[in-house]
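Residue numbers (our numbering): 3 to 497.
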């Protein structure tokens with residue numbers, strides 16, 4: 003029933019106002035009684051003292067008892083709200099003008115009497131009611147002295163039975179009823195106004211909830227319209243955070259779409275690149291099997307050589323696919339260690355020297371100052387450099403040059419791999435690091451797999467570096483990257 007925030011707020015307001023109304027009514031009743039008692043006691047503060055001044059008590063106790071009772075009766079007739087009692091010095095009731103069966107006490111506690119006489123407590127000071135064992139009422143009292151000695155007290159209850167009965171009748175009167183209805187009306191108006199205020203305050207929250215629900219139901223994650231005047235309160239902040247969430251969701255959806263597109267393209271490219279060497283390999287092997295007797299030894303050797311080349315290309319393609327998948331996975335953790343970048347480059351150059359000479363290409367290495375130690379995964383960095391040099395050799399014509407340059411600064415080493423080959427068109431520069439992308443767009447005559455640069459980029463990303471490329475068509479291409487020096491790493495750890 004009470005599922006919405008508005009209904010819960012309304013119920014809470016109703017309960018609070020009900021509790022407040024009851025508590026307020028009780029408080030008003032209690033304070034009014036206290037006020038009435040205080041006013042009555044202050045108004046009649048000297049009543050007992052004035053009576054003692056006019057009447058002589060304890061002159062002849064036997065003869066005076068009836069006369070005193072008659073005086074008490076006359077006083078109670080004149081002022082029907084009071085009850086008059088004569089007490090001895092210990093608080094025992096000696097005389098009164100009332101039927102004996104109505105008197106429930108024989109003694110009156112003297113503590114309130116002493117507080118009254120000594121002004122030790124604020125009004126109202128309540129004393130024992132002789133006619134009720136549980137009630138305490140406002141009173142007036144004065145000591146009765148005889149020859150300088152205390153003989154007793156004149157004890158006057160200011161709120162007698164007659165006064166109490168009339169007060170009970172008044173509580174059911176028109177004025178009291180009107181007051182109760184007035185309080186109820188004020189509480190009702192407050193409740194209605196509170197409901198209206200809560201409705202206005204929760205309107206923006208309902209709108210926000212409705213927009214969020216529509217977004218979920220229709221899968222349309224649109225941004226909310228936010229009023230600049232209200233964006234600083236809690237609902238406004240919730241709207242701002244919801245818009246941030248929507249932006250994140252839309253970004254992730256777009257990324258998922260891009261990833262899905264890349265996945266489809268990757269599957270298509272992998273299928274194509276695997277199909278080509280497999281089909282060629284299968285064709286030559288079937289030819290050898292079907293025409294084994296018809297082919298010469300030279301033809302057989304040629305076919306086997308072609309088959310081996312395609313099987314090597316296929317093996318390399320599969321290996322690079324697994325390598326790239328591993329680099330993209332969570333398992334790709336680099337084993338950083340200090341190593342000499344100069345020695346690594348020299349070892350790689352020795353590895354490619356024969357290949358470069360075979361194709362009539364000069365493979366050179368130059369550094370302006372001796373590179374120091376760098377920090378990184380030596381195996382991964384070797385793979386990245388081999389890919390760059392192999393790519394440069396593949397796209398450099400005979401009599402061309404591939405130059406590896408190393409420059410050292412205070413905190414990093416900059417490596418450049420440049421060639422003067424065919425170069426890359428500007429329109430293609432942004433795509434060369436995509437998987438299976440080849441500049442010449444030929445997938446049957448190109449030796450490369452189209453994965454080398456993608457692997458290199460991922461390796462450098464794992465090292466916190468970025469690969470840059472500059473190229474001019476028919477003039478050559480330069481790849482460059484940076485790697486932190488070992489000394490820089492030590493300085494950072496020391497800090």
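Ideal Cβ positions, reconstructed from N, Cα and C, are used throughout, including at glycine.
> Closest to residue 112 by CA distance: which of 92, 124, 102 and 46 is it?
Replying inline: To locate residue 112, count along the chain shown from 1; it is residue 110. Answer by Cα proximity: 92.
> With respect to the alpha helix (DSSP H) encompassing residue 349, which residues constitute its N-terminal and C-terminal limits?
Replying inline: Translated into positions along the chain shown, residue 349 becomes position 347. Its alpha helix (DSSP H) spans residues 343 to 360.
> Is it true that the CB of residue 89 sits closer than 8 angstroms to the CB of residue 110?
Replying inline: As a working note, residue 110 is residue 108 in the chain shown. As a working note, residue 89 is residue 87 in the chain shown. Their beta carbons are under 8 angstroms apart, which means residue 110 touches residue 89 by this criterion.
> Quick one: Cα of residue 317 to Cα of residue 339, how far?
Replying inline: Here the question's residue 317 lines up with position 315 in the chain shown. Here the question's residue 339 lines up with position 337 in the chain shown. Residue 317 and residue 339: Cα-Cα distance of roughly 30 angstroms.
>> Going by DSSP in three states, residue 444 sits in which element: helix, strand or coil?
In response: Translated into positions along the chain shown, residue 444 becomes position 442. Because residue 444 sits at a pLDDT of 42, beneath the cut-off of 50, its placement in the model cannot be relied upon, and the following sentence gives the value as read from the coordinates. Coil.
> When DSSP labels each residue in this structure, what does residue 125 get in the three-state scheme?
Replying inline: In the chain shown, residue 125 corresponds to position 123, counting from 1. In this structure, residue 125 counts as coil in the three-state DSSP scheme.
>> Suppose the cutoff is 7 angstroms on Cβ atoms and the five residues either side in sequence are ignored; what does the same chain contact list for residue 72 look like?
In response: Start at 1 with the first residue of the chain shown, and residue 72 comes out as number 70. For residue 72, where only same-chain residues beyond five positions count, there are no Cβ hits under 7 angstroms.
> Between the segment 117 to 124 and the segment 182 to 195, do three or more beta carbon pairs fall short of 8 angstroms?
Replying inline: no
>> Give the list of continuous beta strand (DSSP E) stretches no shorter than 3 residues that lie fully inside the segment 355 to 425.
In response: 364 to 369, 375 to 378, 403 to 410 and 414 to 421
>> Could you compute how far the alpha carbon of residue 51 sits from the alpha carbon of residue 196?
In response: Here residue 51 refers to the residue found at position 49 of the chain shown. Here residue 196 refers to the residue found at position 194 of the chain shown. Spanning the two alpha carbons is a distance of roughly 56 angstroms.
> Going by alpha carbons, who is nearest to residue 281 out of 308, 257 and 266?
Replying inline: Walking along the chain shown from the start, residue 281 turns up at place 279. For the residues 308, 257 and 266, the minimum Cα distance to residue 281 belongs to 308.
> Should residue 373 and residue 415 be called a contact, given that it needs their Cβ atoms to be closer than 8 angstroms?
Replying inline: Indexing the chain shown from 1 puts residue 373 at position 371. Indexing the chain shown from 1 puts residue 415 at position 413. Against a cut-off of 8 angstroms, the Cβ pair of residue 415 and residue 373 comes out as a contact.
> How long is the line joining the alpha carbons of residue 354 and residue 406, rounded to whole angstroms?
Replying inline: Looking up residue 354 in the chain shown gives position 352. Looking up residue 406 in the chain shown gives position 404. If I take the Cα positions, the gap works out to 12 angstroms.
>> Looking only at its chain, what residues have a beta carbon closer than 7 angstroms to the beta carbon of residue 305, apart from the 5 residues adjacent to it on each side?
In response: To locate residue 305, count along the chain shown from 1; it is residue 303. 286, 289 and 290.
>> Rounded to whole angstroms, what is the Cα-Cα separation between residue 67 and residue 155?
In response: Here the question's residue 67 lines up with position 65 in the chain shown. Here the question's residue 155 lines up with position 153 in the chain shown. Near 15 angstroms, if we compare the C-alpha coordinates of residue 155 and residue 67.
> Can you tell me whether residue 298 is buried or exposed, with buried defined as 16 or more other CB within 10 angstroms of its CB?
Replying inline: Reading the chain shown from its first residue, position 296 is the one you call residue 298. Classification for residue 298: exposed.
> Can you tell me where the alpha helix (DSSP H) with residue 136 in it begins and where it stops?
Replying inline: Locating residue 136 in the chain shown gives position 134, where the first residue counts as 1. Note, residue 136: premise wrong, no alpha helix (DSSP H); beta strand (DSSP E) at 134 to 148.
> DSSP beta-bridge partners for residue 484?
Replying inline: Taking the chain shown and counting its residues from 1, the one referred to as residue 484 is at position 482. Per DSSP, 416.
> Just the Cα atoms here: how many angstroms apart are residue 59 and residue 146?
Replying inline: Looking up residue 59 in the chain shown gives position 57. Looking up residue 146 in the chain shown gives position 144. Straight-line Cα distance between these residues: approximately 7 angstroms.
>> Do residue 384 and residue 350 count as a contact pair if the criterion is CB distance below 8 angstroms?
In response: In the chain shown, the residue the question calls residue 350 occupies position 348. In the chain shown, the residue the question calls residue 384 occupies position 382. Their beta carbons are under 8 angstroms apart, which means residue 350 touches residue 384 by this criterion.
> Can you list, in chain order, the residues of its chain whose CB lies under 7 angstroms from that of residue 162, leaving out five sequence neighbours each side?
Replying inline: Residue mapping note: residue 162 aligns to position 160 of the chain shown, counting from 1. Only 83, 84 and 85 meet the Cβ criterion.
> Comparing the CB of residue 45 with every heavy atom of the ligand GTP, is any distance shorter than 7 angstroms?
Replying inline: Ligands in the displayed structure: none, and consequently the ligand GTP is not present.
>> Which same chain residues end up closer than 8 angstroms to residue 346 when comparing Cβ atoms and leaving out the 5 residues on each side of it in sequence?
In response: Here residue 346 is taken as the residue at index 344 of the chain shown, counted from 1. Cβ neighbours of residue 346 beyond the five flanking positions: 380, 383, 384 and 387.
>> At the level of alpha carbons, what is the spacing between residue 6 and residue 237?
In response: Here residue 6 refers to the residue found at position 4 when the chain shown is read from its first residue. Here residue 237 refers to the residue found at position 235 when the chain shown is read from its first residue. Between residue 6 and residue 237, the C-alpha separation is close to 16 angstroms.
> Going by DSSP, what residues sit across from residue 473 in a beta bridge?
Replying inline: To locate residue 473, count along the chain shown from 1; it is residue 471. In the DSSP output, where bridge partners are listed per residue, residue 473 has 479.
> For residue 310, which option in 279, 337 and 327 has the closest C-alpha, if you only look at C-alpha atoms?
Replying inline: Counting from one through the chain shown, the residue named residue 310 turns up at place 308. Considering only alpha carbons, the answer is 279.
> Going straight from the alpha carbon of residue 422 to that of residue 389, what length do you get?
Replying inline: For the purposes of this step, residue 422 is taken as the residue at position 420 of the chain shown. For the purposes of this step, residue 389 is taken as the residue at position 387 of the chain shown. The straight-line gap from Cα to Cα measures roughly 17 angstroms.
> Who are the Cβ neighbours of residue 159 in its own chain at under 7 angstroms, not counting the five residues just before and after it?
Replying inline: Working through the chain shown from its first residue, we reach residue 159 at position 157. So the qualifying residues of the chain are 84, 85, 131, 139 and 141.
>> By DSSP's criteria, residue 159 is part of a beta bridge. Which residues make up the other side?
In response: Here residue 159 corresponds to residue number 157 of the chain shown, with the count starting at 1. 85 and 141.
> If we count Cβ pairs, one from each stretch, closer than 8 angstroms, do we get three or more for the segment 425 to 440 versus the segment 398 to 412?
Replying inline: no
>> Mapping the DSSP letters down to three states, classify residue 256 as helix, strand or coil.
In response: For the purposes of this step, residue 256 is taken as residue 254 along the chain shown, with counting starting at 1. Helix at residue 256.
> If you count every other CB in all the chains shown that lies within 10 Å of the CB of residue 479, and 16 or more means buried, which is it?
Replying inline: Working through the chain shown from its first residue, we reach residue 479 at position 477. With 16 or more other Cβ atoms within 10 Å, it is buried.
>> As a quick exercise: from 400, 419 and 358, pick the residue whose alpha carbon is nearest that of residue 369.
In response: Residue 369 sits at position 367 when you count from the first residue of the chain shown. When each option's Cα is compared against that of residue 369, the closest is 419.
> What residue from 54, 436, 474 and 375 has the CA that sits closest to residue 486's CA?
Replying inline: The residue labelled residue 486 in the question sits at position 484 within the chain shown. Taking only the C-alpha atoms, the option nearest residue 486 is 375.
>> For residue 238, list the residues DSSP reports as bridge partners.
In response: Sequence index remark: in the chain shown, residue 238 carries index 236 (1-based). The partner list for residue 238 (beta bridge, DSSP) is empty, contrary to what the question assumes.
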